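Participant: Below is one structure. I have some questions about it.
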Amino acid sequence: MTISIRPASSDDITAILEIENKTNQIPWTESQFISSMEVGHYSVVLQEENNILGFAIYSPIVPESHLLNIAIHPVYQGKGFGDKLLQQIIFQNITMGVKVISLEVRVSNLPAINLYEKNGFFKDAIRPNYYNGPPKEDALLMSLKI
Numbered sequence: 214m215t216i217s218i219r220p221a222s223s224d225d226i227t228a229i230l231e232i233e234n235k236t237n238q239i240p241w242t243e244s245q246f247i248s249s250m251e252v253g254h255y256s257v258v259l260q261e262e263n264n265i266l267g268f269a270i271y272s273p274i275v276p277e278s279h280l281l282n283i284a285i286h287p288v289y290q291g292k293g294f295g296d297k298l299l300q301q302i303i304f305q306n307i308t309m310g311v312k313v314i315s316l317e318v319r320v321s322n323l324p325a326i327n328l329y330e331k332n333g334f335f336k337d338a339i340r341p342n343y344y345n346g347p348p349k350e351d352a353l354l355m356s357l358k359i
């Protein structure tokens, strides 16, 4: 099994949308992904052969970066792929001179919170009712100083 991480392209949108729709309670739309690419957000995919297993999107504005979206297809979760993808995002940000990566995560998303903490992210604050519902849900704000 050869796993690689590469920049995403518009050809990857269908696979990214499939993963997004299976992992996000309120998924991004196709137009949101296209817009994200058009405005210059960094988008990467994690793949095995030609099969996309996950993706991440982040917005670096040095010295800060914001992790906007990251997901692994449910079939491949729990196998270390999220960790591999997150570590690559951290590495890419370090090479750009980023000093802090920030993100929001649903307070109920314990697997993601555990992944972030494992990689050195700290819990900073709660943003009440950040995610639309029903029910509305608070966001945990997290950051990593690198």
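Quick note on numbering: the sequence shown equals residues 214 to 359 in our numbering. Yeah, the Cβ is synthetic: ideal placement off N, Cα and C, and Gly gets one too. Bear in mind the structure is a predicted one, so any value in this text is a computation, not a measurement.
Three-state secondary structure (DSSP) at Asn306?
Facilitator: Here residue 306 refers to the residue found at position 93 of the sequence shown. In the structure shown, Asn306 sits in a helix (DSSP, three-state: H, G or I).
Participant: If you run the structure through DSSP and keep just helix, strand and coil, what is Glu243?
Facilitator: Walking along the sequence shown from the start, residue 243 turns up at place 30. Glu243: helix per DSSP, three-state reduction.
Participant: The beta strand (DSSP E) spanning Ala269 covers which residue range?
Facilitator: Start at 1 with the first residue of the sequence shown, and residue 269 comes out as number 56. 264-274 is the extent of the beta strand (DSSP E) around Ala269.
Participant: Give the secondary structure of Pro287 by DSSP, where H, G and I count as helix, E and B as strand, and everything else as coil.
Facilitator: Counting from 1 along the sequence shown, the entry for residue 287 is found at position 74. Helix, per DSSP.
Participant: So for Pro341, helix, strand or coil by DSSP?
Facilitator: The sequence position of residue 341 within the sequence shown is 128, counting from 1. Pro341 falls in the strand class under three-state DSSP.
Participant: Nearest by alpha-carbon distance to Ser315: which of Pro287, Val275, Gln290 is it?
Facilitator: The count along the sequence shown starts at 1 and reaches residue 315 at position 102. Looking at the Cα atoms, Val275 is the closest of the given residues.
Participant: Excluding five sequence neighbours on each side, which residues of the same chain lie with their C-beta closer than 8 Å to the C-beta of Asn342?
Facilitator: Counted from its first residue, the sequence shown places residue 342 at position 129. Only Lys349, Glu350, Asp351 meet the Cβ criterion.
Participant: Comparing C-alpha positions only, which one of Ser244, Tyr255, Gln290 sits nearest to Met309?
Facilitator: Taking the first residue of the sequence shown as position 1, residue 309 is located at position 96. Residue Tyr255 is the option with its Cα nearest to Met309.
Participant: Please report the straight-line C-alpha distance between Leu298 and Leu259, rounded to a whole angstrom.
Facilitator: Here residue 298 refers to the residue found at position 85 when the sequence shown is read from its first residue. Here residue 259 refers to the residue found at position 46 when the sequence shown is read from its first residue. For Leu298 and Leu259, the distance between alpha carbons rounds to 7 Å.
Participant: My understanding is that Ser223 touches Met250, with C-beta atoms under 8 Å, so please give their C-beta distance in whole angstroms.
Facilitator: For the purposes of this step, residue 223 is taken as the residue at position 10 of the sequence shown. For the purposes of this step, residue 250 is taken as the residue at position 37 of the sequence shown. Confirmed, about 7 Å.
Participant: Classify Lys235 as helix, strand or coil using the three-state DSSP reduction.
Facilitator: As a working note, residue 235 is residue 22 in the sequence shown. If DSSP states are grouped into helix, strand and coil, Lys235 belongs with the helices.
Participant: Of the residues Phe246, Tyr329, Phe268, Gln301, which one's Cα is nearest the Cα of Ile232?
Facilitator: As a first step, residue 232 is located in the sequence shown; it is residue number 19 there, counting from the start. The shortest C-alpha separation from Ile232 is found at Phe268.
Participant: Quick one: what's Leu173 bridged to in DSSP?
Facilitator: Nothing in the structure corresponds to residue 173, since the chain is present only between 214 and 359.
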